[in-house]
Amino acid sequence: MVNRHAVAYVRGLDIADEAARRVFLLLAERTHAPGDRYRRPEDVPEVMGLELQDADIPVLAERAGLDAEEFRRQLRGLKQQVRMDVLEHTDGIWEIVYGPSYTRPPKPRPAEPDLTRGGPHPFWAPGWEKHSTWGYESDPSGQIHLYAQLIHNQDDPDAEPRIWITPPRYIVQNVDELADVIAAAIAPYEPVAPPAVVVKRWLTVRPMSWG
Numbered sequence: 573m574v575n576r577h578a579v580a581y582v583r584g585l586d587i588a589d590e591a592a593r594r595v596f597l598l599l600a601e602r603t604h605a606p607g608d609r610y611r612r613p614e615d616v617p618e619v620m621g622l623e624l625q626d627a628d629i630p631v632l633a634e635r636a637g638l639d640a641e642e643f644r645r646q647l648r649g650l651k652q653q654v655r656m657d658v659l660e661h662t663d664g665i666w667e668i669v670y671g672p673s674y675t676r677p678p679k680p681r682p683a684e685p686d687l688t689r690g691g692p693h694p695f696w697a698p699g700w701e702k703h704s705t706w707g708y709e710s711d712p713s714g715q716i717h718l719y720a721q722l723i724h725n726q727d728d729p730d731a732e733p734r735i736w737i738t739p740p741r742y743i744v745q746n747v748d749e750l751a752d753v754i755a756a757a758i759a760p761y762e763p764v765a766p767p768a769v770v771v772k773r774w775l776t777v778r779p780m781s782w783g
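Be aware that the sequence shown starts at 573, since it is given in this note's numbering, and climbs by one per residue.
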């Protein structure tokens, strides 16, 4: 079934390159649209995406009026046209993630935090960035560990967080470990499961869209 939200979103973008626009619209048609009990049917997802098999590219390229290599070139260049993530994996999978949270107008943001200590720090994952935080804390013995409190943007910020990452279930010692744990924890809520390297960026790098 065609994802009408994704198609409408792409059609609304100001993509001057006609070939890039055709390629992106084909991706939008194939974008995952899983159900989410927290989302109303009329709500446009903050983040959308799909995994594309390289073997499927020749058929899509023909629909776009391109050859397969030109289609791949357009895929690689899409993130130059629109803020999004295009990850080309060595196993022949293209992981493509995009949506309104990537392209909405800039908002003011506080100065960069010191990510080596303290907290709470912001978690800039699209769809989770309004209320989610992470940071460092110590247990009674003085051992330092990391925690995360992850609240979806559509949830009541005063309600119980969807995800708590804290001892004793999670003993996390550094940001790389925290990114691994968060990637697994939020995967059921995401159209495309984010890799840990992307989650780490959401933990440590303020997005360009925040100015």
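Positions of the beta carbon are idealized from the N, C-alpha and C atoms, including for glycine.
### Message
Can you tell me which residues form a DSSP beta bridge with Tyr708?
### Response
According to DSSP, Tyr708 bridges with Leu718.
### Query
In angstroms, rounded to a whole number, what distance separates the CA positions of Arg655 and Ala759?
In a straight line, the C-alpha of Arg655 is about 21 Å away from that of Ala759.
### Message
Quick check on DSSP: helix, strand or coil for Asp657?
### Response
It is a strand residue.
### Query
For Thr675, which option in Gly584, Ala765 and Val631 has the closest C-alpha, if you only look at C-alpha atoms?
That would be Gly584, whose Cα lies nearest to the Cα of Thr675.
#### Entry: Three-pair Cβ contact test at 8 Å for the region 646-663 versus the region 693-707
Taking 8 Å as the limit for Cβ pairs, the verdict is that the region 693-707 does not touch the region 646-663.
### Task
Report all residues from its chain with a CB closer than 6 Å to the CB of Pro698; omit the five preceding and five following residues, and keep chain order.
Cβ within range, chain order: Glu618, Val619 and Ser673.
### Per DSSP, cross-strand counterpart(s) of Glu601
According to DSSP, Glu601 bridges with nothing at all.
### Candidates Glu732, Leu632 and Thr776: closest to Pro694 by CA position
Per the Cα distances, Thr776.
### Message
For the alpha helix (DSSP H) containing Trp774, name the first residue and the last one.
### Response
In the DSSP annotation of this structure, the continuous segment of the alpha helix (DSSP H) that includes Trp774 starts and ends at Ala768 to Thr776.
#### Entry: Whole-angstrom distance between Gly690 and Phe596, CA atom to CA atom
Straight-line spacing of the CA atoms in Phe596 and Gly690 works out to 41 Å.
### Query
Arg734: which of Asn725, Leu647 and Arg778 sits nearest, CA to CA?
If we check each option's Cα against that of Arg734, Asn725 comes out closest.
### Task
Compute the Euclidean distance between the alpha carbons of Glu762 and Tyr670, then round it to the nearest angstrom.
In this model, Glu762 and Tyr670 are separated by some 12 Å (Cα to Cα).
### Euclidean distance between Cα positions of Tyr581 and Ala600
If you draw a straight line from the Cα of Tyr581 to the Cα of Ala600, it comes to about 8 Å.
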